[in-house]
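Numbering (my numbering), first residue to last: 1054 to 1346. By construction, the Cβ of each residue, glycine as well, lies at the ideal position given by its N, Cα and C atoms.
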């Protein structure tokens, strides 16, 4: 639907007359009619006033405009990832070829990023097999953007483990700033969750514990809702890991085991095995660094 059609659709479904809407935002009824028919354009300020009067968010507006579907572009990104998890690499290869051609025709940077993602998937995200220029291009792009949005968060989440640790951690403060600024933007909550825990895993793996503690404190203040039980449980696990790093080994193991109990009770066997392995690796590392203990 066009913008005017969406405004008309929302207005009628909210039982608001053209006159009432015109009066509310300081316009004339004929002007509203021309906007709805596509004969007149509308400024972003006036669109904001209309949406506020109709109690509709921008996210909802564009969701309706896109026929009740998420952004077509992000659907393409998510679809490629679903194919990857389903092991359908032949389909990804076809998409990669199509995306490359579209990028060459349009110059749309999103398509270049999607092409690089397809290429990384084809090489199973093995850094040594992926074109270094592709990895550097994604890193340079992220570092050049001051205002990260959903697309940048998704890029970081998918390419984080391909960056050098120093590059990934350089982006951490930008991520935390984004988390503070857009905490109430629901569309970011899941990708932020993945990012936080991936960064925790990465920082502990590379013994960059100052970043681990920074992200952990953000987790504890960020995931506070009752519906965020899984995130809170995983935060408890990493709190235990940091306790172990700080030589509070018994207390740390106890916290990790509490998290494991939850994972097992919920039937998350693969998650339990993954984080149990992380704990064992850390304990071996701590023991090697403190042979006297």
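- With a 10 Å radius around the Cβ and a threshold of 16 neighbouring Cβ atoms, residue 1164 comes out buried.
- Between the alpha carbons of residue 1334 and residue 1221 lies a gap of roughly 22 Å.
- Runs of the alpha helix (DSSP H) lying entirely within the stretch 1082-1142, each at least 4 residues long, are 1082-1089, 1097-1106, 1111-1118 and 1125-1138 in chain order.
- Cβ-Cβ separation between residue 1060 and residue 1089: approximately 6 Å, consistent with a contact (criterion under 8 Å).
- For residue 1342, the closest C-alpha among the options 1132, 1320 and 1298 is that of 1298.
- In this model, residue 1325 and residue 1097 are separated by some 48 Å (Cα to Cα).
- Between the C-alpha atoms of residue 1229 and residue 1086 there is a straight-line separation of about 44 Å.
- With 16 or more other Cβ atoms inside 10 Å of its own Cβ, residue 1212 counts as buried.
- Non-local beta-carbon contacts of residue 1313 in its own chain, meaning distances under 6 Å to residues more than five positions away in sequence, involve 1325 in chain order.
- In terms of CA proximity to residue 1280, 1246 leads the group 1094, 1246, 1132 and 1160.
- For residue 1252, the three-state secondary structure derived from DSSP is helix.
- In the three-state scheme derived from DSSP, where H, G and I count as helix and E and B as strand, residue 1301 is classed as coil.
- Nearest to residue 1056 by alpha-carbon distance, out of 1301, 1079, 1103 and 1082, is 1103.
- Per the coordinates, the alpha-carbon of residue 1223 lies some 18 Å from the alpha-carbon of residue 1234.
- Note on residue 1081: under 16 other CB atoms within 10 angstroms of its CB, so exposed under the neighbour-count rule.
- C-alpha of residue 1075 to C-alpha of residue 1196: approximately 44 Å in a straight line.
- The three-state reading of DSSP puts residue 1177 in coil, since its state is none of H, G, I, E or B.
- Just so you know, the alpha carbons of residue 1323 and residue 1094 end up roughly 53 Å apart.
- Counting along the chain, residue 1191 sits inside the alpha helix (DSSP H) bounded by residues 1185-1197.
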